[in-house]
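Visitor: Have a look at the structure that comes next, please.
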Amino acid sequence: MSVDLTDVPVAFRPAVEATLGEAGVESGHLAVELVGEQRIRELNREFRSRDRPTDVLSFPVDGPGPGPGPRELGDVAVCPEHCSDTLEAVVHGVLHLCGFDHETDHGEMLATQDRILAGLRDPVAVTRPTRSGFVGLAGRPNVGKSTLVNAIVGSPVAIATVRPQTTRRAIRGVATDTEAGTQLVLVDLPGVQRPRDVLTERMQRRVEQELAEADVVLLVINGEEGVGAGDRYIADSMLGARPDVKVICAVNKADRIGRNIVPVLAEAAELKGVDQVFPVSALKGDGVDELARYLATLMPESPYLYPPDERSDQSPELLMAELIRGAALLRTRDEIPHSIEAKVGRIGRREDGLTVVEAEIWVESESQKGIVIGRNGSRIHEIGSDARRSLERSVGGQVHLQLKVRVRKRWRRDEDMLDRLGIE
Ligand SMILES: Nc1nc2c(ncn2[C@@H]2O[C@H](COP(=O)(O)OP(=O)(O)OP(=O)(O)O)[C@@H](O)[C@H]2O)c(=O)[nH]1
Ligand SMILES: [Mg+2]
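According to our numbering, the sequence shown is numbered sequentially starting from 4.
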């Protein structure tokens with residue numbers, strides 16, 4: 004390779020060479036400079052109209068394209084005081100010089116960056132093929148499927164509440180271990196139940212479709228209640244249709260039962276098709292890593308199905324609507340949670356960093372609307388503040404939530420409405 008690296012600090016030359024190699028750049032010149040906080044702030048102010056320091060800045064010149072003579076790729080300025088990982092910042096900056104753009108490339112740049120860094124840290128690992136596949140979560144309502152997905156992913160991607168039938172859509176949570184080269188795509192699903200209306204019919208159909216396509220099924224059981232008829236029905240009738248698929252069983256809520264879990268583990272192992280049983284507490288995290296590592300070994304050899312830095316396939320609107328619905332479920336009781344849906348309209352970002360979210364809570368009758376609003380608006384006020392707090396945790400900044408309650412009669416039975424809500 005005839006790239007001129009004289010203007011790259013010696014310590015970073017292997018990283019720069021590896022990055023150019025991945026990017027297919029064979030010749031040219033580039034400079035990498037380590038700068039102080041003051042300098043990176045000046046560069047940001049001068050070239051990006053931002054008066055603050057950042058970890059790295061790239062100034063591409065010719066780009067990597069073909070052409071006569073040696074090319075000038077450009078300069079990278081790295082500020083170690085603002086880097087959690089200087090090597091990563093160098094690789095990131097050099098990829099930008101080579102024409103990569105993480106804001107528009109759907110994860111390609113960050114995946115390339117991870118691959119280069121993994122190769123620099125553990126050269127043997129790069130030659131190992133990656134594993135990636137779908138794990139479908141099966142189980143009765145309220146056993147802790149969504150809590151377990153969140154625990155494996157490591158961040159809240161699916162709402163989990165004490166109300167049964169919280170989950171309505173198939174939500175994919177992504178857990179990537181770049182060091183091991185494995186990715187689990189966990190498909191959180193509604194609990195298995197008898198359909199009562201178009202909504203629950205669609206939910207059940209979706210459960211069946213997703214389980215039919217999963218690479219591995221994770222059957223979740225509530226350890227506190229033990230193995231029951233519902234769990235047997237799922238193992239025999241639903242999963243029995245897929246004798247080819249491995250079924251792993253998580254006996255959850257281990258924190259509630261201590262040593263009494265032992266007979267439940269034995270019962271679970273007897274369930275038809277169950278291959279391995281793991282005791283876990285999705286809430287406390289006990290046993291979750293062991294389960295995730297085992298699931299990863301069962302994934303097929305495949306490139307990553309999602310960019311490694313992605314945690315979920317949900318749009319910001321859907322995630323926010325779910326957080327609002329979760330807040331409303333916890334503040335209402337009896338049949339009302341089943342009638343509630345939330346929909347997010349506009350999400351605006353103000354100059355001062357405040358996120359403005361316009362949302363509606365749907366109910367099915369005027370009397371439900373009255374209950375959700377509460378005396379003098381007290382309940383909707385509580386729902387609004389709970390929801391705002393979880394939105395703020397999710398966006399990592401201040402949120403102004405404009406929440407309206409609307410009556411949408413029979414939305415649960417309305418095919419068009421369900422289509423629009425993305426419950427398919
Ligand atoms: N003590 C304890 N509670 C748990 C554990 N896992 C889940 N829970 C609680 O069980 C309730 C139901 O959890 P979810 O994750 O919503 O259950 P789910 O299976 O997704 O429920 P549906 O979506 O309704 O099918 C919530 O209140 C959780 O906090 C656990 O390991 N220990
Ligand atoms: Mg759930």
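Built from N, CA and C at the ideal position, the CB exists for glycine as well. Fair warning: this is a prediction, and the values are worked out from it, not measured in the lab.
(1) Let me make sure I understand the geometry here. Which of ALA330, GLN279, ARG378 and ARG353 has the alpha-carbon closest to that of HIS403?
(2) Can you pull every residue whose C-beta falls closer than 6 Å to some heavy atom of ligand 1, listed in chain order?
(3) Sort GLU395, HIS384 and HIS341 by Cα distance to GLY356 and report the nearest one.
(4) Could you tell me which of PHE15, ASN225, GLY24 and GLY276 sits nearest to ASN255, measuring between CA atoms?
(5) For LEU308 versus VAL188, is the C-beta distance shorter than 7 Å?
(6) When we look at the beta-carbon of PRO56 and count the other beta-carbons within 10 Å, is it buried (16 or more) or exposed?
(7) Alpha carbon to alpha carbon, how far is PHE137 from THR9? Give it in angstroms, no decimals.
(8) My understanding is that LEU2 touches THR115, with C-beta atoms under 8 Å, so please give their C-beta distance in whole angstroms.
(9) Would you mind listing the alpha helix (DSSP H) stretches within the region 249–327 that are 4+ residues and don't spill past its ends, in chain order?
(10) Classify LYS372 as helix, strand or coil using the three-state DSSP reduction.
(11) Between the region 82–97 and the region 283–301, are three or more C-beta pairs nearer than 8 Å?
(12) Helix, strand or coil: which one does DSSP assign to ASP239?
(13) May I ask you to report which of helix, strand or coil DSSP gives GLN405?
(14) Compare the beta carbon distance of ILE237 and ALA141 with 7 Å and say whether it is the shorter of the two.
(15) Could you tell me whether the region 217–235 touches the region 141–150, where touching means 3 or more Cβ pairs closer than 8 Å?
(16) Could you work out which residue in LEU33, VAL59 and VAL35 is closest to GLU45 when comparing CA atoms only?
(17) In angstroms, rounded to a whole number, what distance separates the CA positions of VAL221 and GLN279?
(18) Helix or strand or just coil, what does DSSP make of HIS32?
(19) Pull up the distance between the alpha-carbon of VAL1 and that of PHE15, whole angstroms please.
(20) Starting from SER342, trace the beta strand (DSSP E) in both directions and tell me its first and last residue.
(21) Just how far apart, CA to CA, sit ARG171 and THR358?
(22) My guess is that ALA253 and LEU151 are in contact by the Cβ rule of under 8 Å, so how many angstroms apart are they, rounded?
(23) Do ALA161 and ASP180 come within 7 Å of each other at the CB atom, strictly closer than that value?
(24) Please classify LEU189: does DSSP put it in a helix, a strand, or coil?
(25) In whole angstroms, what is the alpha-carbon distance linking GLY184 and PRO132?
(26) Could you check which residue in VAL230, VAL195 and ASP218 has the C-alpha nearest to that of MET241?
(27) Could you give the distance in angstroms between the alpha-carbon of SER381 and the alpha-carbon of ALA390?
(28) Nearest by alpha-carbon distance to MET112: which of HIS95, ALA121 and PRO126 is it?
(29) Buried or exposed: where does PHE281 fall if 16 or more other Cβ atoms within 10 Å of its Cβ makes it buried?
(30) Would you mind stating whether LEU333 and THR164 have Cβ atoms separated by less than 7 Å?
(31) Can you give the Cα-Cα distance for PRO63 and ARG51, rounded to whole angstroms?
(32) In chain order, what residues of the same chain lie with their CB nearer than 7 Å to the CB of ILE426, ignoring the 5 residues before and after it?
(33) If you draw a straight line from the C-alpha of GLY78 to the C-alpha of GLU344, how long is it?
Guide: Per the coordinate set shown:
(1) ARG353
(2) GLY142, PRO144, ASN145, VAL146, GLY147, LYS148, SER149, THR150, ALA163, THR164, VAL165, PRO167, GLN168, THR169, THR170, PRO193, GLY194, ASN255, LYS256, ASP258, ARG259, SER284, ALA285 and LEU286
(3) GLU395
(4) ASN225
(5) yes
(6) buried
(7) 47 Å
(8) Only positions 4 to 427 of the chain appear in the structure, and residue 2 is not among them; the question remains open.
(9) 264–273 and 291–300
(10) helix
(11) no
(12) helix
(13) strand
(14) yes
(15) yes
(16) VAL59
(17) Sequence check: residue 221 is Leu here, not Val. Approximately 10 Å between the Cα atoms of the pair.
(18) strand
(19) Because the chain here runs from 4 to 427, residue 1 falls outside it and cannot be looked at.
(20) That residue, SER342, is in no beta strand (DSSP E); its alpha helix (DSSP H) goes 339–342.
(21) 26 Å
(22) 6 Å
(23) no
(24) strand
(25) 7 Å
(26) VAL195
(27) 14 Å
(28) HIS95
(29) buried
(30) yes
(31) 14 Å
(32) ARG171, ARG172, LEU202 and ARG205
(33) For clarity, residue 78 is Asp in the given sequence; the question names Gly instead. If I take the Cα positions, the gap works out to 51 Å.
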